[in-house]
Amino acid sequence: MKHILLLLLLVNLLFGLTNKEKEYIEERMETFELEWDRLLGQEYKNAIIKNFYKGRFFDLEWTAAAVTFIESRGVKNRANANVVNNDLSSLDCGIMGSNTYYYLRYKGIEKPTLYQQVDACYELNHNPYKSFLHFLNVMTDAMESRDIKKLKGSGRYWHYVWNYYNTGSTTTLKGTYYLDIVAAIKVLKKKIDIVNDISFIGFTSNDMRYIAPVLAKWKQKE
-18 MKHILLLLLL
-8 VNLLFGLTNK
2 EKEYIEERME
12 TFELEWDRLL
22 GQEYKNAIIK
32 NFYKGRFFDL
42 EWTAAAVTFI
52 ESRGVKNRAN
62 ANVVNNDLSS
72 LDCGIMGSNT
82 YYYLRYKGIE
92 KPTLYQQVDA
102 CYELNHNPYK
112 SFLHFLNVMT
122 DAMESRDIKK
132 LKGSGRYWHY
142 VWNYYNTGST
152 TTLKGTYYLD
162 IVAAIKVLKK
172 KIDIVNDISF
182 IGFTSNDMRY
192 IAPVLAKWKQ
202 KE
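If you count the sequence shown from 1, position 32 lands on 13 in the numbering used here, and the numbers rise without skipping.
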């Protein structure tokens, strides 16, 4: 049954895509598979697999794994500068590529300063759980958006969810991020052995300590 569900998911992810989009996905898959096989150390693969397992509690396992791969390749200490009009506007930090500006907005800081964002980047880089929890917050916003909800059940639904994570737009597909996620999911489905890999990396009470409170709220929404 699970093999059938996985097949249906892959078919659904590709439904409605143009030939140009499909060609792009094929090209990215070749690159991602090469990276996984030849460039990623086991430590980073384990981080991606662990986020797969954490995402599974929220029915976001493949999304969580793909976002981890795309954003950081499993490296928790990373930073990417977002420059607007030659000025640094924000940073993408942590294992899930969390945007520091919006991360602080979620924490109630209306207009985060650059200094606050640098501190937030340090926090996200040194606590992968906070980066993961921010990922869940953004996913929640995407899936609760009225514009995206209208697409539920269609082939484009997840494309817009992933697009929102990258761009914040609920109405327009911008760039190729959602296509990168499709490519990453297709590759990771071939590379992750769900039963054996999870048993190998282990999942501790510390992992659950961060997840349990969020999981309770998540289930209340269903």
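Each residue gets a CB set at the ideal place from its N, CA and C atoms; glycine is no exception.
Neighbourhood of residue i by C-beta, 7 Å cutoff - its chain only, sequence neighbours within 5 removed
| i | result |
| --- | --- |
| M124 | V142 |
| S150 | N144 |
| V195 | L114 and L117 |
| S112 | G75, I76, M77, S79 and L105 |
| K172 | W17 |
Residue i burial status per 10 Å Cβ neighbour count (16 or more: buried)
| i | result |
| --- | --- |
| R86 | exposed |
| I(-15) | For I(-15), the pLDDT reaches just 45, beneath the cut-off of 50, and the residue's location in the model is therefore unreliable, although a value from the coordinates is still provided. Exposed. |
| E42 | buried |
| R54 | buried |
| S180 | exposed |
| R127 | exposed |
| A193 | exposed |
| K26 | buried |
| F184 | exposed |
Own chain residues within Cβ distance below 8 Å of residue i, not counting five before or after
| i | result |
| --- | --- |
| F116 | A45, V48, M77, S79 and Y146 |
| E11 | none |
| V56 | Y25, A28 and I76 |
Option nearest residue i by Cα separation, candidates the options
| i | options | result |
| --- | --- | --- |
| M120 | P109, N108 and Y138 | Y138 |
| E104 | G136, R54 and C74 | C74 |
| P210 | L69, P109 and Y110 | Outside the modelled stretch of the chain, which goes from -18 to 203, sits residue 210, for which no answer is possible. |
| R59 | H107, I29 and K88 | H107 |
| T152 | Q98, L132, E11 and G136 | L132 |
| Y96 | N66, S71, N32 and G89 | S71 |
| D174 | G156, K1, Q23 and I30 | I30 |
| N61 | K88, V99 and F33 | V99 |
| I204 | N32, K130 and N0 | The chain is shown only over -18 to 203; residue 204 falls outside these bounds and no answer can be derived. |
Neighbourhood of residue i by C-beta, 6 Å cutoff - its chain only, sequence neighbours within 5 removed
| i | result |
| --- | --- |
| A101 | T81, Y84 and L85 |
| D122 | none |
Contact between the segment 37 to 49 and the segment 158 to 174: three or more CB pairs below 8 Å?
-> yes
Does the pairing of the segment 27 to 46 with the segment 186 to 193 give three or more beta-carbon distances under 8 Å?
-> yes
Are the segment 10 to 30 and the segment 50 to 63 in contact at 8 Å, needing three or more beta carbon pairs?
-> yes
Between the segment 3 to 12 and the segment 152 to 162, do at least 3 Cβ pairs fall closer than 8 Å?
-> yes
What are the start and end residues of each continuous alpha helix (DSSP H) run of 4 or more residues lying completely inside the segment 84 to 133, in chain order?
-> 95 to 107, 109 to 125 and 127 to 130
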